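Structure, as structure tokens:
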Amino acid sequence: MRFEGTENYVATDDLMVAVNAAVTLQRPLLVKGEPGTGKTQLAREIAAALNRPFIDWAIKSTTKAQHGLYEYDAVSRLRDSQLGNESVKDIRNYIVRGKLWEAFESDQQPVLLIDEIDKADIEFPNDLLRELDQMEFYVYETRETVKAKQRPIILITSNNEKELPDAFLRRCFFHYIRFPDKETMQKIVDVHFPELKKNLVKEAMEVFFGLRELPGLKKKPSTSELLDWLKLLLAEDVDPAVLHEASTKKTLPPLYGALLKNEADVHLFERIAFMARRSN
268 MRFEGTENYV ATDDLMVAVN AAVTLQRPLL VKGEPGTGKT QLAREIAAAL
318 NRPFIDWAIK STTKAQHGLY EYDAVSRLRD SQLGNESVKD IRNYIVRGKL
368 WEAFESDQQP VLLIDEIDKA DIEFPNDLLR ELDQMEFYVY ETRETVKAKQ
418 RPIILITSNN EKELPDAFLR RCFFHYIRFP DKETMQKIVD VHFPELKKNL
468 VKEAMEVFFG LRELPGLKKK PSTSELLDWL KLLLAEDVDP AVLHEASTKK
518 TLPPLYGALL KNEADVHLFE RIAFMARRSN
């Protein structure tokens with residue numbers, strides 16, 4: 268089976284090529300791109316399109332590679348031994364399986380998402396090299412080797428907060444999700460809001476891409492923020508003429524808090540808009 272996007276996810280040709288290449292090579296697909304460009308959602312849509320189980324491993328700053336394999340709950344075992352619980356006789360009762368172990372034991376080939384790998388410590392990717400290569404790991408407490416029943420489809424996302432090690436990158440197929448152009452964005456909007464009036468979408472897109480083109484903006488509004496904004500415009504029944512006026516007169520658009528997320532960007536927009544109106 269090949270990934271060709273879904274009804275809910277507009278995938279560009281190069282993205283579909285990348286997904287299918289990673290599946291063919293049986294290598295993790297490393298996806299980068301601006302926040303809000305659909306990296307995390309891509310894994311869910313691959314699982315839905317290929318009819319595979321989905322396993323989500325969300326990485327935090329405190330996450331260690333070992334957490335994805337298993338953890339030994341020594342505290343619970345000590346407490347149970349003090350209470351005379353019979354379960355202490357079998358150490359397996361205190362082995363907590365991680366997301367990688369769950370993926371390895373799946374009867375059907377799963378899609379495993381390792382989300383925002385760059386949040387973890389710099390050694391995290393290197394600590395997973397053998398497991399991702401060999402598809403197995405050793406459980407020291409039970410002296411057993413856990414082997415994958417079948418190699419999972421692995422998608423790894425990164426927001427470029429940290430550089431990833433070369434040894435790790437060599438084992439991945441890489442794809443950068445470029446920010447959608449106006450034509451692709453129109454398709455995305457049509458998927459989420461098929462009944463939205465065309466003139467409202469047209470004026471909203473003018474405002475949105477105008478904001479993204481502002482020089483010096485700290486955080487450019489993303490695709491997900493555009494969709495949130497459109498949802499609000501629809502809920503508040505905003506007149507397209509109001510958006511047109513905001514675009515032509517360089518004033519803050521209605522409900523701009525869905526697009527601009529810090530006061531520095533708001534002040535920057537106001538200064539640039541004032542200077543533009545003054546020069547006109």
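For the sequence shown, our numbering begins at 268 and goes up steadily by one. For every residue, glycine included, the Cβ atom is placed at its ideal position computed from N, Cα and C. Note that the coordinates shown come from a computational prediction; the quantities given were computed from them, not determined experimentally.
Shown here, residue 434 sits in a helix according to DSSP, grouped into three states.
The shortest C-alpha to C-alpha distance from residue 329 to any of 459, 407, 542 and 385 is the one to 385. By the neighbour-count criterion, in which 16 or more other beta carbons inside 10 Å mark a residue as buried, residue 532 falls on the buried side.
Under the three-state reduction of DSSP, residue 391 is assigned to helix. Selection 335, 344 and 358 evaluated against residue 371 yields 335 as nearest (Cα-Cα).
In terms of Cβ geometry, residue 295 and residue 380 do not form a close pair [threshold 8 Å]. Beta-bridge annotation (DSSP): residue 325 is paired with 382. Fewer than three beta-carbon pairs drawn from the stretch 278-291 and the stretch 335-354 are found closer than 8 Å, and the two stretches are therefore not classed as touching. The C-beta distance from residue 305 to residue 492 rounds to 12 Å, too long to meet the 8 Å contact threshold. Taken in chain order, the complete alpha helix (DSSP H) segments of 4 residues or longer contained in the stretch 439-470 are 449-459. The DSSP-derived three-state label of residue 404 is strand.
The C-beta distance from residue 435 to residue 392 rounds to 4 Å, short enough to fall under 8 Å. Here residue 313 has 270, 286, 319, 378, 420 and 422 as same chain residues with Cβ atoms under 8 Å from its own Cβ, once five neighbours each way along the sequence are excluded. Around the beta carbon of residue 520, 16 or more other beta carbons sit within 10 angstroms, so the residue counts as buried. For residue 307, there is no enclosing beta strand (DSSP E); the residue is found in the alpha helix (DSSP H) stretching over 306-317. Within the DSSP secondary-structure output, residue 425 pairs in a beta bridge with 299.
Remark: C-beta atoms of residue 411 and residue 358 do not approach each other more closely than 8 Å.
Rounded to the nearest angstrom, the gap between the Cα atoms of residue 469 and residue 479 is 16 Å. DSSP places residue 411 in the strand class (E or B) of the three-state scheme. With fewer than 16 other Cβ atoms inside 10 Å of its own Cβ, residue 542 counts as exposed.
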